[in-house]
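With this note's numbering applied, the sequence shown corresponds to residues -14 to 31, in that order.
What follows is a set of notes on a single structure, which appears directly below.
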Amino acid sequence: MRVMQSLPQGLSPHLAEVACVVCECDLDKQFDFGLDLIISGLEARV
């Protein structure tokens, strides 16, 4: 809820929803997932 209070007034409801999702996720896990995805893609091309 704190995230919603810090967002500017008049922000698109869709952007507000995305902001809440991004702020509540584990960024380290997201980074690891993305890195694994890139590495898997590179390995598939080799």
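Quick reminder that beta carbons are idealized off the backbone N, C-alpha and C, glycines included.
Computed from a predicted model, the values in this text were never measured in an experiment.
Rounded straight-line distance, which links the Cα of residue j to that of residue i
i            : j                : result
leucine -4   : leucine 20       : 31 Å
valine 31    : phenylalanine 16 : 23 Å
histidine -1 : phenylalanine 18 : 24 Å
valine 6     : serine 25        : 26 Å
alanine 1    : leucine 12       : 18 Å
cysteine 10  : alanine 29       : 28 Å
cysteine 8   : serine -9        : 12 Å
Any chain D beta carbon closer than 8 Å to residue i
i          : result
glycine -5 : No chain D appears in the structure shown, which is made up of a single protein chain.
Residue i - DSSP class collapsed to helix/strand/coil
i            : result
histidine -5 : The residue you asked about is not histidine; residue -5 is glycine in the sequence shown. In the structure shown, glycine -5 sits in coil (DSSP, three-state: anything other than H, G, I, E or B).
cysteine 10  : coil
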